[in-house]
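Numbering (our numbering), first residue to last: 317 to 439.
Working notes, beginning with the structure itself.
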Amino acid sequence: MSEQQARLRRVGAVPVRVDDGLTDAGGREFAVAAAHSSFHANGLADIRRASRLTQQQVAEVLGTDQGTVSKIEHREDLLLSTLREYLTATGAVRPKIVAEKDGVEISLELDVFGPSSAQGRGR
């Protein structure tokens, strides 16, 4: 188990099931979308909330403080490596960016921007 997985377990990040009795609108929307394997988030905070985590819990996984998580969630310009770390901290598996060009969806795995991949690219 990786250190980040251990941190996720400590803060109680668990996969959300449709039958978890979610009470907030965002949580219900996520649960319904999860049944259909998709969810549209308007921002990073939506992803965190869908994971049923607080900013403090995400901060613990990232090894930082709650204020830093708030700043990340409100930034207009974000490094891809920071995005990958944030998404992984919220429990995302295989985080990626999906773009559409000429009607074709193109997917970019964010794991290529991780610490171990930088060594493989000669950085």
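Using N, Cα and C, we set each Cβ at its ideal position, and we do this for glycine too.
All values derive from a computational prediction rather than experimental measurement.
message: With a threshold of 6 angstroms on Cβ separation, who are the neighbours of S423 within its own chain once the five nearest residues in sequence on each side are excluded?
response: Indexing the sequence shown from 1 puts residue 423 at position 107. Correct list, in chain order: K412 and V414.
**Asked** Are L399 and L426 touching if we call contact CB-CB under 9 angstroms?
**Response** As a first step, residue 399 must be located in the sequence shown, where it is residue number 83. As a first step, residue 426 must be located in the sequence shown, where it is residue number 110. Yes, the Cβ-Cβ distance between L399 and L426 is below 9 angstroms.
Exercise for the section: Would you mind stating whether A405 and V428 have Cβ atoms separated by less than 9 angstroms? Expected result: The residue given as residue 405 occupies position 89 in the sequence shown. The residue given as residue 428 occupies position 112 in the sequence shown. No, the Cβ-Cβ distance between A405 and V428 is not below 9 angstroms.
Checklist line | Extent of the continuous beta strand (DSSP E) to which V385 belongs | finding: The residue labelled residue 385 in the question sits at position 69 within the sequence shown. Premise fails: V385 lies in the alpha helix (DSSP H), Q382 to H390, not in any beta strand (DSSP E).
For A357, which of helix, strand or coil comes out of DSSP? Translated into the one-based positions of the sequence shown, residue 357 becomes position 41. The answer is coil: DSSP assigns A357 none of H, G, I, E or B.
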